Structure formats: structure tokens, C-alpha cells
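Working notes for the structure below.
There are 2 protein chains.
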Amino acid sequence: MASQQNCTEPNREDLPLVLLHYQPPFDIHIFKHHLRPYFRLLDPSELPEPTNPFSSRAKSLRALVSVGIFPVTRETLSLLPSLELVVGSSAGVNHIDLQECRRRGIAVTNTGPAFCEDAADYAVALLIDVLRRLSACDRYVRDGLWPEKGDYPLALKLGGKRVGIVGLGNIGSEVAKRLLAFGCSIAYNSRRKKDSVSFPYYANVSDLATNSDVLILCCPLTDETRHMINKDAMNALGKEGVIINIGRGALVDEKELVQFLVNGDIRGAGLDVFENEPHVPEKLYALDNVVLSPHRAVITPESFEAAVKLVLANLKAFFSNEPLLSPVQN
Amino acid sequence: MASQQNCTEPNREDLPLVLLHYQPPFDIHIFKHHLRPYFRLLDPSELPEPTNPFSSRAKSLRALVSVGIFPVTRETLSLLPSLELVVGSSAGVNHIDLQECRRRGIAVTNTGPAFCEDAADYAVALLIDVLRRLSACDRYVRDGLWPEKGDYPLALKLGGKRVGIVGLGNIGSEVAKRLLAFGCSIAYNSRRKKDSVSFPYYANVSDLATNSDVLILCCPLTDETRHMINKDAMNALGKEGVIINIGRGALVDEKELVQFLVNGDIRGAGLDVFENEPHVPEKLYALDNVVLSPHRAVITPESFEAAVKLVLANLKAFFSNEPLLSPVQN
């Protein structure tokens, strides 16, 4: 064993240095397992207290892996004067100060491509669940109501629905691909019209809502998208409208959403994300026209493994001067 | 009004006679609404008691509409010596004595084509729900456990799963079309290999189970298919396997299924149908690896309307000597 270590160790100092930025006790074993063969890993939690975690080798550090959604703040970035790359390990990167990264020319990557299939699968499941009342049906059976009260009321068909996708990126595109197979029609809103697709484009989300039966929120949370689904957008969607949110809770004005749902001013909602997680507005607990999920859309073990591999691939590309695999356009 | 009636009434006696066979208080308003312009309708519930409902005009009656799943027995059929057609209004027609119909050369139609999209949508939703634990997640949130117990455990990815479809008819084909868009691979079992598809075919359901992560049951209930998913098939599917049943409860040996689920000898199940509806085995109520639904896969108001129109179209075709639109190969 010792000779094996000696055989590989001499070269390790030549490996690029990468900082793992995370909040203990987050288990980063899988990251270390995949990255260690190719990089020297700086893990602040292994440095002796009260060392400034970044002080020793911070000046030369070029790449940081943001594990989970532990904030990468302007203050953190200020300790790393040579930083050129922040590799996110999540699909959304709103925990990273993108503005400061842009100002300093620091590239940012995410793992959207690794997670997009899971997120899209979940969005479709939430939508069918809201329309067909699957979770509510399951409650009905488990509560023993079927023999007592008879048939559960008829619900709504998915085919033919006009689905408006807000954010036609990796996830939104996968959602569209799936829903076409169910006979839905697709339109979308995003920052820019995309030449690569023929779906109708609406520059304004309320216009999209006016022309949709369903809105599916798949876009990142930014200053521009915060509370983009407000009272106006929900009024535009109308009483028969359904909202599916697999993006971030704050894309929607949650207080307004709760009011619209309680009052029946929209038909229903499938919500995987909330403004103040893990807290969910309790008024929603009693409603059968909502499906509530604890931020699980994006993750399965299979895609988590794929995300770690994408983190590795982005780091390798960066240190080989190759194009990044999943850069965020910040 | 009177003159209008006089204008149309003289011709009504020329319209073909059709028997509506159903169990009051089933509301057949929508059937009467669509069929009355084209047929004289014989509704046994409107005949004065104690008239034999079929006696008066039974001898010449050529077509019967089976509304709902009220049994069309050999005894019923024996009262109708001229019967040539039984038009089912449901997707499954196991409430009709198909053997007797075959013996007498009576054609049978169903409304599978009208319902197949809804059933397929629901099958996909049940599958994603079982894999990703959506209903269980919803319970977790509504029970207030997210802040208390933290993140819900990771679940399973849909993409890449090997899905075995049992019965590749109207519904099974729609299921396949949808799951291809999710990146699943498809194989199937049916009475005969179908030349129109390239999916791998298994003549034996246990062989299909051995080579599948998921079985989706979409076939009719017949003497041959009753309890086809028995202990052997479930053992072949294995501990990681998932069963989705949107066909009929008795396709599965339910007692065995409950044991397999309780013991963790298969991974999970999404069940829309049961052997003794509306009664569901209570042992299932406590399990998070099952999704329970009160026979709702097949029905939405949109598809119900489409089914009534298909009933009408089959009757029109029959009385015009045109090919039936949705004959059952009995």
C-alpha cells in the first residue's frame, strides 16, 4: 500500500487545486470520490481551527465547487482574488452571487443538464396529478371513503391542454418533449425567442398566461423573475388555470397564490418549491386542488451521480482550456 | 312546436330500434341526447311494470347498447333472438357474456379508443408517482413533517427503466408512446406478436417480467388473463420491480400482491383497480410504496363525451352496413 501511494503521490502536487465550498455536515464523499483522482481538493472543514479556511492557498485558487446550495457570497468571492470558475452542483444557482461573478468575469456552471430529465418527469407527474386528482384519489381510498361515498368525481383530461412553459431551457425543453407525446400544445416565455423551436413565443408572461390552460415554471430565480407570477399573471391565467412550479418558490407571489387557490380563482397548483422552505403555507393543507411536494423534483440518486460527473467534466474542461459543458449565461 | 313535431314524427317509426341496457339510477341522459335523433330508443325503465322489459319488441331487436358495466348475461341475450350487435360504452367489456355472443355470432364493440388517452395518461402518472413517491411526498408535507424531519428520501428515476406492457392494444400503445418520450425502453406481452411495432415481444408474461423493471397491465380481463400476474410472475419481476394496474383488479392475484408489497418482495405498485371494488385491501393503506386510486384511470368528462359519440358511430355504421369502428375481437 505504501509503495502504491509513493507511486502516485509525487505527481499530486502538479494537480490543479479545487476548493470544495459547502456547509457541514453535508456529505461530500461522492464529490471527493469522483474528483480526487484529478484534483487536489481543499476542504475547509479539514483545516485546523481557527485558520481562515481560504487563507493558505486562496490567492492562487482558480476554481471552486459549490456543493449543494450553501451561499457563495460576494464576501466569499472577495477572499479568492484569482478565482475564474464557480462550478455549481445544482440546477438552480441563485445561491451564487451571479452579479459579482459577472463583474469579475468569473464563469459559473450548473448541473441543469444532469437533473433536467428528473425535473421534467416530476413536472409532468405534478400536472397529471393536479388535473386527474391522483394524490387526492389516493387520500380518498386510504381514508376508506370509496365504499362509503361512492365514485370519486370526474377530473380533467390532459390531452389538448394549452401548456405555457416559463423558461424553455434544459428542463423546459424536456417538459415540452414529454407533453407533446400526451397531445398538449406548447407555448413559452423566456428572456429571448429561441430560433431552434417553433412553439409560439410570448415576451410577456401575462400574455402567455392569457393563452394557456397551464403554466409550468422552469426558469431560474433572478431579480427579473422574482414574483413574476403575480396577481396580474394569475388573473390572466383565469379560473380554469393550473400552475406547476418546479423552479423556485419565489417565482410566484406565494401569498397571492394561496388566496387564488383558496378562493377558486385558479383551478389548481402542483408545487414542489415554496418561498420559505421547508415551511409550506398551512392553508394549502386542506385543499384537494393542490399537490404539495418537498422540493424533490430535481433529485434522484441516478441524476445525483450524473451531476457529480458533470461537475468533474466542467472542471476538467476548464483546466484543459476546453469549452465548459454547462455554463450559466449570467 | 306541434307542427315541428308533426313534421319529424312520421319518420320516427322508420328509425332503427335500439335497446338501452343499464341499471337505474344510472343517468343515461347523455346517451339519449346523442342517440335519439337517429334511433328509436327502448328504455326498459320507461315501460309499465310488470311488463317484461324486452317482450314487446324484443323479437325484432337487432342492437343493444350496454350502458356502464351492468352485466349483459346469457339470460338477457336469450330474450333477444334477433340480436346482432352489443355496443359497449366502456373500455373493458368483461361484463358482457362474450362467449355467448361469439357462439351466436353477435358482434361486440367497446369504447377503448375514446378512453385510451386518459387511461394511458393515468398509467404514466401512477408510474412516476410510485417511482418518485409523489403521493407519499404530498402526505409528508400535509402532515407537517418536512420542517420536523427534514428532506424526504431520494426516490427513483423514470428514464432508462425497462417497461413491460401487458396488452399492447389501444391503451398499451398510447402508454408506450408516452414513455418513449421519457427515455424508457418498451417490451410487451400480448396474445399475438404485432407486426406493426418493433418492441421486443414475450409470449410469456413471466419472461416479460424477468426482463422488465416495470409491468403495466393494460389488457382485458378474460378467462385467460385472470390472475395472470401470480406469484411466479411477481418473483420473475423481482424485488426492484413495480406493477401498474389500470386494467382490471383480477388480472392480478391480489392476495399475493399484498404479500409481495408488505414483505418488500416487489418495490411498489400503482393500482387503479382491485378484485373486489370498492373494497381495497386495508393492509395497503399503511404502505408508502403503493398508490391507490378508485378506478378513475379511464374517465374524464371529455372522454366520456367521446365515448358516447363512438357508441353512436358504431350504431350508425351497423345500420348502414359499414364496418364497425371499434369491434372487440371476441
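For the protein sequence lines, the chains are A and B, in the order given. With the numbering used here as the guide, the letters of the first sequence map in order to residues 8 to 337. With the numbering used here as the guide, the letters of the second sequence map in order to residues 8 to 337. Glycine included, C-beta positions come from ideal geometry on N, C-alpha and C. The model shown is predicted, which means the values in this text are computed figures rather than measured ones.
Next on the checklist: Short of 7 Å in beta carbon distance, which residues of its chain neighbour A:Gln12, apart from the five on each side in sequence? Order them along the chain.
Outcome noted: As a first step, residue 12 of chain A must be located in the first sequence, where it is residue number 5. Residue placement at A:Gln12 is poorly supported in this model, since its pLDDT is 45, which falls under 50; the coordinates still yield a value, given next. For A:Gln12, where only same-chain residues beyond five positions count, there are no Cβ hits under 7 Å.
Checklist entry - Taking Cβ positions only, does B:Ala257 come closer than 9 Å to chain A? => result The count along the second sequence starts at 1 and reaches residue 257 of chain B at position 250. It does not; no Cβ of chain A falls within 9 Å.
Checklist entry - Does A:Ile250 come within less than 9 Å of chain B when only Cβ atoms are used? => result Counting from 1 along the first sequence, the entry for residue 250 of chain A is found at position 243. Not an interface residue.
Item to check | Residues near B:Phe189 by beta carbon distance below 7 Å, same chain, minus five either side | outcome: The count along the second sequence starts at 1 and reaches residue 189 of chain B at position 182. Correct list, in chain order: Leu165, Gly166.
Next on the checklist: Contact defined as beta carbons within less than 8 Å: I believe A:Val204 pairs with A:Gly248. What is the distance between those atoms, to the nearest angstrom?
Outcome noted: Position 197 of the first sequence, counted from the first residue, corresponds to residue 204 of chain A. Position 241 of the first sequence, counted from the first residue, corresponds to residue 248 of chain A. About 23 Å; that fails the 8 Å criterion.
Checklist entry - Taking the Cβ atom as the reference point for each residue, do B:Asp273 and B:Leu134 lie within a distance shorter than 9 Å? => result Locating residue 273 of chain B in the second sequence gives position 266, counting from the first residue. Locating residue 134 of chain B in the second sequence gives position 127, counting from the first residue. Before going further, note that residue 273 of chain B is Ile rather than Asp in the sequence given. No, they are not a contact pair.
Checklist entry - To which residues of the same chain is B:Leu22 closer than 8 Å at the C-beta, ignoring the five residues directly before and after it? => result Position 15 of the second sequence, counting from 1, holds the residue named residue 22 of chain B. These residues qualify, in order along the chain: Tyr45, Phe46, Arg47.
Item to check | Under the three-state DSSP convention, the category B:Val74 falls into | outcome: In the second sequence, counting from the first residue as 1, residue 74 of chain B sits at position 67. B:Val74: coil per DSSP, three-state reduction.
Checklist entry - What do you get for B:Leu27, buried or exposed, if any count of 16 or more other CB atoms within 10 angstroms of its CB means buried? => result If you number the second sequence from 1, residue 27 of chain B lands on position 20. B:Leu27 should be labelled buried.
Item to check | Rounded C-alpha distance that separates A:Asp150 from B:Asn196 | outcome: Position 143 of the first sequence, counted from the first residue, corresponds to residue 150 of chain A. Position 189 of the second sequence, counted from the first residue, corresponds to residue 196 of chain B. Each residue's alpha carbon lies about 35 Å from the other.
Checklist entry - From A:Ser300, A:Leu87, A:Asn237, A:Asp125, pick the residue whose C-alpha is nearest to that of A:Lys262; which is it? => result To locate residue 262 of chain A, count along the first sequence from 1; it is residue 255. Ranking A:Ser300, A:Leu87, A:Asn237, A:Asp125 by Cα distance to A:Lys262 puts A:Asn237 first.
Next on the checklist: I'd like to know whether the C-beta atoms of B:Ile178 and B:Ala240 end up nearer to each other than 9 Å.
Outcome noted: Your numbering for residue 178 of chain B matches position 171 in the second sequence. Your numbering for residue 240 of chain B matches position 233 in the second sequence. In this structure, B:Ala240 does not lie closer than 9 Å to B:Ile178 by Cβ.
Checklist entry - Relative to the C-alpha of A:Asp128, which residue among A:Arg110, A:Val148, A:Val182, A:Gly119 is closest? => result As a first step, residue 128 of chain A is located in the first sequence; it is residue number 121 there, counting from the start. Nearest C-alpha to A:Asp128: A:Val182.
Next on the checklist: Looking at the secondary structure, which residues open and close the beta strand (DSSP E) in which B:Asn18 lies?
Outcome noted: Reading the second sequence from its first residue, position 11 is the one you call residue 18 of chain B. No beta strand (DSSP E) contains B:Asn18, which is instead part of the alpha helix (DSSP H) from 9-19.
Checklist entry - Mind checking A:Glu20: buried by the 16 CB within 10 Å criterion, or exposed? => result What you label residue 20 of chain A is simply residue 13 of the first sequence in a count that begins at 1. With fewer than 16 other Cβ atoms within 10 Å, it is exposed.
Checklist entry - Taking Cβ-Cβ distances shorter than 8 Å, what residues in chain A pair up with B:Pro301? => result Taking the first residue of the second sequence as position 1, residue 301 of chain B is located at position 294. By Cβ distance, chain A contributes Cys144, Tyr147, Val148, Trp153, Asp158, Tyr159.
Checklist entry - Per DSSP, what kind of secondary structure is A:Thr229 in: helix, strand or coil? => result For the purposes of this step, residue 229 of chain A is taken as residue 222 along the first sequence, with counting starting at 1. Coil at A:Thr229, not helix or strand.
Next on the checklist: Run through the DSSP bridge pairs and tell me what A:His28 is partnered with.
Outcome noted: Numbered from its first residue, the first sequence carries residue 28 of chain A at position 21. Partner(s): A:Ser73.
Item to check | Cα-Cα separation, B:Glu16 to A:Ile250 | outcome: Within the second sequence, numbered from 1, the residue matching residue 16 of chain B stands at position 9. Within the first sequence, numbered from 1, the residue matching residue 250 of chain A stands at position 243. Note on B:Glu16: pLDDT 49, under 50, position unreliable in the model; the coordinate value appears next. C-alpha separation (whole angstroms): 51 Å.
Checklist entry - Can you list the residues of chain B that A:Val287 reaches, using a CB-CB cut of under 8 Å? => result Here residue 287 of chain A refers to the residue found at position 280 of the first sequence. Val148, Trp153, listed in chain order.
Item to check | Neighbour-count burial assignment, A:Val335, 16 or more Cβ in a 10 Å radius | outcome: Here the question's residue 335 of chain A lines up with position 328 in the first sequence. That one is buried.
Next on the checklist: So, for A:Leu332: in the same chain, excluding its five sequence neighbours on each side, which residues have a beta-carbon less than 8 Å away from its beta-carbon?
Outcome noted: One-based indexing of the first sequence puts residue 332 of chain A at position 325. Excluding residues within five positions, the ones whose Cβ falls inside 8 Å are Thr116, Pro120, Leu317, Ala320, Asn321, Ala324.
Checklist entry - If we ignore side chains and look at the alpha-carbon of each, how far apart do A:Ala293 and A:Ala276 end up? => result Sequence index remark: in the first sequence, residue 293 of chain A carries index 286 (1-based). Sequence index remark: in the first sequence, residue 276 of chain A carries index 269 (1-based). Taking the straight line joining both Cα atoms gives about 13 Å.
Item to check | Beta-carbon contacts of A:Glu329 that lie in its chain and below 8 Å, excluding the five residues immediately before and after | outcome: In the first sequence, counting from the first residue as 1, residue 329 of chain A sits at position 322. Answer for A:Glu329: Lys323, listed in chain order.
Checklist entry - If we call anything under 9 Å between Cβ atoms a contact, is A:Leu71 one with A:Val94? => result The sequence position of residue 71 of chain A within the first sequence is 64, counting from 1. The sequence position of residue 94 of chain A within the first sequence is 87, counting from 1. Yes, Cβ-Cβ distance for A:Leu71 and A:Val94 is below 9 Å.
Next on the checklist: Please classify B:Gly157 as buried or exposed, where buried requires at least 16 neighbouring CB atoms within 10 angstroms.
Outcome noted: The residue labelled residue 157 of chain B in the question sits at position 150 within the second sequence. Burial call: exposed.
Checklist entry - Do the stretch 140-147 of chain A and the stretch 141-150 of chain B make contact, defined as three or more Cβ pairs closer than 8 Å? => result yes
Checklist entry - Going by beta carbon distance, what residues of the same chain come within less than 8 Å of B:His234, once the five residues before and after it are set aside? => result Along the second sequence, one-based indexing puts residue 234 of chain B at 227. Cβ neighbours of B:His234 beyond the five flanking positions: Ala257, Leu258, Val259, Asp260.
Checklist entry - Between A:Leu317 and chain B, is there a C-beta pair that is closer than 9 Å? => result Position 310 of the first sequence, counted from the start, is the residue given in the question as residue 317 of chain A. For A:Leu317, the answer is no, since every Cβ of chain B falls outside 9 Å of its Cβ.
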